[in-house]
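S.K.: Before I ask anything, let me first share the structure, which is written out below as structure tokens.
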Amino acid sequence: MLAKRIIPCLDIKDGRTVKGVNFVNLRDAGDPVELGARYSEEGADELVFLDITATHEKRKTLAALARDIARHLDIPFTIGGGIGSVEDVDVLLSSGADKISINSAAVRRPALIDELARNFGSQFVVLAVDAKAIDGDWFVHLNGGRIPTDIRLLDWVKEAENRGAGEILFTSMNHDGTKNGFANEITARVSEAVSIPVIASGGAGNMEHFYDVFTTGKADAGLAASIFHFHEIDIRELKEYLRKQGITVRL
Amino acid sequence: MPIAIIDYNAGNVQSVLFALERLGVDAILTDNHETIRAADKVIFPGVGEANSTMAYLKQRGLDELIRNLTQPVLGICLGMQLLCEYSEENDTACLGIIPQKVLRFRPKAGEKVPHMGWNSVRNLKNGLFTPELEGGYVYFVHSYYAEVGPYTTATTDYIQPFSSGLQKGNFYATQFHPEKSGKTGEQILRNFLML
Chain Z
2 MLAKRIIPCL DIKDGRTVKG VNFVNLRDAG DPVELGARYS EEGADELVFL DITATHEKRK
62 TLAALARDIA RHLDIPFTIG GGIGSVEDVD VLLSSGADKI SINSAAVRRP ALIDELARNF
122 GSQFVVLAVD AKAIDGDWFV HLNGGRIPTD IRLLDWVKEA ENRGAGEILF TSMNHDGTKN
182 GFANEITARV SEAVSIPVIA SGGAGNMEHF YDVFTTGKAD AGLAASIFHF HEIDIRELKE
242 YLRKQGITVR L
Chain F
296 MPIAIIDYNA GNVQSVLFAL ERLGVDAILT DNHETIRAAD KVIFPGVGEA NSTMAYLKQR
356 GLDELIRNLT QPVLGICLGM QLLCEYSEEN DTACLGIIPQ KVLRFRPKAG EKVPHMGWNS
416 VRNLKNGLFT PELEGGYVYF VHSYYAEVGP YTTATTDYIQ PFSSGLQKGN FYATQFHPEK
476 SGKTGEQILR NFLML
């Protein structure tokens, strides 16, 4: 049976991980490759690297990073952050990235999804979407959740699927950072609205939250950052817990 | 040159090169017929679309070349599907080396396509799959699958059972990506290299 996936997310700036990490026995906690390798050993199924560099050198450093990760890691990884063109993606994929994620650029110009799917295949294209509930209705937000739009979440994920996205990475801005659990109800609605896999993000605080998002939330994968970085949850323990609860995981 | 990876404009061949590099094995990415024929082993990787890829292979005479290879060949993902007879993906006549049809997943309500992520392999047979790998998890990304048949060497369950491994003579194939499948995938690549 297909396993539910556990995905740590690493924020990258100028080729280095930015959030503080308190892993012991890491020679260099700022080295994305070393941190990624550590997660891989712990049993992470995939990794997401989100680049927040905002310089014109970005494309080059990001490609070098993709190459470095692909050389050393033997699990799949996604790179995202500021990707806006076929050219951006071409260099990342030829460097060894397995998937790329696009977010605001796709909202501003939805044809980007079609172009990427046509050029590289749907399986390379992860549509990341940040949304917030406003009076009970979920609206897509841009630039890391800072800029609201009048686009409804479910309309957008369906459109993205039709345009060729291969996977949805959904973050609830209402839940992100709260550690009170994932947005299970709306995640389930996203998952039912599309027939491509859905990665849930935002709100993970304990192991039960992952159980909830895989059952009630109908997610195919659960993504989190700080709880893994600060080792509040050990990925292996999490997967052992999930298996005991009857969830199929890779152990 | 011991290992040739067929260069046919497919996505993500870099990952296969890196996986072999981690195993300390030299490999060359090439579409040169002589180099491919002279290699001890050949890897036919692949991510992409069946029809345009077959057209590309024919244009360069790589279809005939692959059919006539006698050393161990490993087809990966689309590479595996192209070794088969026919693919439903844009109604494509494939290389016809393994008499097997490739069909599109027909999901029922709530089932997702592509089949993306880690799934287990069972009923393992011979060559590529040593017994300790039974039940191991490997990484898949695909929307088309080969049915289970006489050449099936590994079976995986998604929507229905399908061939995650195939073999006929010197042609070996995996639907999953051994180069992205952690320690299990590494062992499968090692097994191929030892053939």
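Chains as they are written, first to last, in this note's numbering: chain Z, 2 to 252; chain F, 296 to 490. Every residue, glycine too, gets a C-beta built ideally from N, C-alpha and C. On a predicted model such as this, the values are computed, not experimentally measured, just so you know.
Once DSSP output is grouped into helix, strand and coil, what is the label at T18 of chain Z?
M.R.: For this step, residue 18 of chain Z is matched to residue 17 along the first sequence. The answer is strand: DSSP assigns T18 of chain Z an E or B state.
S.K.: Taking only the alpha-carbon atoms, compute the straight-line gap between I392 of chain F and V195 of chain Z and give it to the nearest angstrom.
M.R.: Here the question's residue 392 of chain F lines up with position 97 in the second sequence. Here the question's residue 195 of chain Z lines up with position 194 in the first sequence. So the two alpha carbons sit approximately 36 Å from each other.
S.K.: Give the residues from the region 299–311 of chain F that approach chain Z closer than 8 Å (Cβ to any Cβ), ordered along the chain.
M.R.: Going along the region 299–311 of chain F in chain order, one finds G306, N307, Q309, S310 with a Cβ nearer than 8 Å to chain Z.
S.K.: Within the same chain, show all residues whose beta-carbon is closer than 8 Å to that of M174 of chain Z, passing over the 5 residues directly before and after it, in chain order.
M.R.: Position 173 of the first sequence, counting from 1, holds the residue named residue 174 of chain Z. D131, A132, K133, H142, G146, G203, listed in sequence order.
S.K.: Distance, Cα to Cα, R60 of chain Z vs D321 of chain F?
M.R.: Taking the first sequence and counting its residues from 1, the one referred to as residue 60 of chain Z is at position 59. Taking the second sequence and counting its residues from 1, the one referred to as residue 321 of chain F is at position 26. Rounded to whole angstroms, R60 of chain Z to D321 of chain F spans 29 Å at the Cα level.
S.K.: Given that G480 of chain F touches chain Z, what residues does it touch there, using C-beta distances under 8 Å?
M.R.: Taking the first residue of the second sequence as 1, we reach residue 480 of chain F at position 185. Those within 8 Å of G480 of chain F in chain Z are D75.
S.K.: Applying the 10 Å Cβ sphere with the 16-neighbour rule, what's the burial state of P9 of chain Z?
M.R.: In the first sequence, counting from the first residue as 1, residue 9 of chain Z sits at position 8. So P9 of chain Z counts as buried.
S.K.: So if I threshold CB-CB distances at 7 Å, which residues from the region 83–112 of chain Z count as touching chain F?
M.R.: So the list reads L94, S95, S96, G97, D99, given in the order they occur along the chain.
S.K.: Entirely within the region 339–392 of chain F and at least 3 residues each: give me those beta strand (DSSP E) ranges in chain order.
M.R.: Those beta strand (DSSP E) runs which fall completely within the region 339–392 of chain F and span 3+ residues are 368–371, 379–382.
S.K.: Give the straight-line distance between the Cα atoms of H328 of chain F and L360 of chain F, rounded to the nearest whole angstrom.
M.R.: For the purposes of this step, residue 328 of chain F is taken as residue 33 along the second sequence, with counting starting at 1. For the purposes of this step, residue 360 of chain F is taken as residue 65 along the second sequence, with counting starting at 1. Distance between the alpha carbons of H328 of chain F and L360 of chain F is about 7 Å.
S.K.: Quick one: is L93 of chain Z buried, meaning 16 or more other Cβ sit within 10 Å of its Cβ, or exposed?
M.R.: Your numbering for residue 93 of chain Z matches position 92 in the first sequence. Burial call: buried.
S.K.: Using only the alpha-carbon positions, how far apart do G374 of chain F and G341 of chain F sit?
M.R.: The sequence position of residue 374 of chain F within the second sequence is 79, counting from 1. The sequence position of residue 341 of chain F within the second sequence is 46, counting from 1. Rounded to whole angstroms, G374 of chain F to G341 of chain F spans 5 Å at the Cα level.
S.K.: Are I169 of chain Z and I197 of chain Z touching if we call contact CB-CB under 8 Å?
M.R.: Numbered from its first residue, the first sequence carries residue 169 of chain Z at position 168. Numbered from its first residue, the first sequence carries residue 197 of chain Z at position 196. In contact: I169 of chain Z and I197 of chain Z (Cβ atoms closer than 8 Å).
S.K.: Less than 8 Å between the C-beta atoms of I76 of chain Z and L48 of chain Z, yes or no?
M.R.: Residue mapping note: residue 76 of chain Z aligns to position 75 of the first sequence, counting from 1. Residue mapping note: residue 48 of chain Z aligns to position 47 of the first sequence, counting from 1. Against a cut-off of 8 Å, the Cβ pair of L48 of chain Z and I76 of chain Z comes out as a contact.
S.K.: Look at the alpha carbon of T450 of chain F and the alpha carbon of R417 of chain F, and state the distance between them as a whole number of angstroms.
M.R.: Start at 1 with the first residue of the second sequence, and residue 450 of chain F comes out as number 155. Start at 1 with the first residue of the second sequence, and residue 417 of chain F comes out as number 122. In a straight line, the C-alpha of T450 of chain F is about 5 Å away from that of R417 of chain F.
S.K.: Output, in chain order, the set of chain F residues within a Cβ distance shorter than 8 Å of D12 of chain Z.
M.R.: Against the first sequence, residue 12 of chain Z aligns to sequence position 11. In chain order: nothing, as chain F lies at least about 23 Å away.
S.K.: In whole angstroms, what separates the C-alpha of I454 of chain F from that of Q124 of chain Z?
M.R.: Working through the second sequence from its first residue, we reach residue 454 of chain F at position 159. Working through the first sequence from its first residue, we reach residue 124 of chain Z at position 123. In a straight line, the C-alpha of I454 of chain F is about 18 Å away from that of Q124 of chain Z.
S.K.: Could you check the C-alpha separation between Y467 of chain F and G167 of chain Z for me, to the nearest Å?
M.R.: To locate residue 467 of chain F, count along the second sequence from 1; it is residue 172. To locate residue 167 of chain Z, count along the first sequence from 1; it is residue 166. Going by the C-alpha atoms only, they are around 28 Å apart.
S.K.: Measure how close the beta-carbons of F50 of chain Z and L66 of chain Z come, nearest whole angstrom, since I'm counting them as under 8 Å.
M.R.: Numbered from its first residue, the first sequence carries residue 50 of chain Z at position 49. Numbered from its first residue, the first sequence carries residue 66 of chain Z at position 65. The Cβ separation is near 7 Å, so the contact holds.
S.K.: Quick check on the DSSP output: the beta strand (DSSP E) that includes I234 of chain Z runs from which residue to which?
M.R.: The count along the first sequence starts at 1 and reaches residue 234 of chain Z at position 233. Unbroken run through I234 of chain Z: none, as it is neither H nor E.
S.K.: Applying the 10 Å Cβ sphere with the 16-neighbour rule, what's the burial state of D386 of chain F?
M.R.: Numbered from 1 along the second sequence, position 91 holds the residue referred to as residue 386 of chain F. When all chains shown are included, D386 of chain F counts as exposed.
S.K.: What is the DSSP secondary structure of S196 of chain Z, counted as helix, strand or coil?
M.R.: Position 195 of the first sequence, counted from the first residue, corresponds to residue 196 of chain Z. Here S196 of chain Z sits in coil by DSSP.
S.K.: On the DSSP bridge assignment, give the partners of V495 of chain F in chain order.
M.R.: It is not possible to answer for residue 495 of chain F, since the shown part of chain F is limited to 296 through 490.
S.K.: List, from N- to C-terminal side, the beta strand (DSSP E) runs of 3 residues or more that fit wholly inside the region 106–184 of chain Z.
M.R.: Fully enclosed beta strand (DSSP E) runs of 3 or longer: 126–135, 138–143, 148–153, 168–173.
S.K.: Quick one, which of Z:K100, Z:A129, Z:L3 has its alpha-carbon nearest V108 of chain Z's?
M.R.: The residue labelled residue 108 of chain Z in the question sits at position 107 within the first sequence. Selected option, being the one with the closest Cα: Z:A129.
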